[in-house]
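Numbered according to my numbering, the sequence shown spans residues 63 to 222.
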Amino acid sequence: MFKIKTEFKWTIIFIIMSLLWIYLEKITGLHHEYIEYQPIYTNIYAIPAILIYVLALKEKKQKFYNGVMSYKNAFISGLILTLMISLLSPLSTYASVEYISPGFFNNAIEKSVELEMMTKPEALDYFNTQNYMLQSLMFAPVFGIVTTAIVAIFVRTKSK
Numbered sequence: 063m064f065k066i067k068t069e070f071k072w073t074i075i076f077i078i079m080s081l082l083w084i085y086l087e088k089i090t091g092l093h094h095e096y097i098e099y100q101p102i103y104t105n106i107y108a109i110p111a112i113l114i115y116v117l118a119l120k121e122k123k124q125k126f127y128n129g130v131m132s133y134k135n136a137f138i139s140g141l142i143l144t145l146m147i148s149l150l151s152p153l154s155t156y157a158s159v160e161y162i163s164p165g166f167f168n169n170a171i172e173k174s175v176e177l178e179m180m181t182k183p184e185a186l187d188y189f190n191t192q193n194y195m196l197q198s199l200m201f202a203p204v205f206g207i208v209t210t211a212i213v214a215i216f217v218r219t220k221s222k
């Protein structure tokens with residue numbers, strides 16, 4: 063039987079980290095006065111995201127598999143984690159843009175038009191809650207699967 067208590071715990075930690083990350087971006091000005099730098103600095107988010115995958119799989123290895131975990135088991139655990147994160151990512155995105163940083167889209171639209179990166183209609187199509195929720199639903203599984211495949215290599219028990 064494959065229990066998912068560890069994956070559930072780390073999914074919640076991942077979502078909380080994601081919401082805190084958005085708050086950090088907001089309070090550092092990346093959602094208003096420095097919004098043109100947000101697409102660059104938001105990539106640093108990958109560091110804590112990957113770290114959470116590492117910690118989740120290491121915990122699964124120690125607590126569920128008694129320190130011995132195959133690549134397959136690590137990969138399956140990571141896929142379960144990815145599935146749960148992916149299912150919650152649109153909700154997390156909604157909370158981020160509607161409650162934590164409600165002015166983000168207006169600021170992003172204004173700046174992208176001002177810098178002539180997009181026309182106003184293009185910016186309106188791109189910077190909105192529905193599009194960002196859809197992007198999170200598509201990006202989370204891709205990021206999660208790739209991260210899982212790599213992290214599982216390092217977390218698995220190597221044969222002697």
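All C-beta atoms in this analysis are idealised placements derived from N, C-alpha and C, irrespective of residue type, glycine included.
Query: Simplified DSSP state of residue 141, which is helix, strand or coil; Result: helix
Query: As assigned by DSSP and simplified to three states, the class of residue 116; Result: helix
Query: Any non-hydrogen atom of the ligand ATP within 7 Å of residue 114 CB; Result: Annotation note on the ligand ATP: not contained in the displayed structure, which lists no ligands.
Query: Under 8 Å between C-beta atoms of residue 83 and residue 107; Result: yes
Query: Rounded C-alpha distance that separates residue 181 from residue 174; Result: 8 Å
Query: Pair within 8 Å by beta-carbon distance, residue 218 and residue 133; Result: yes
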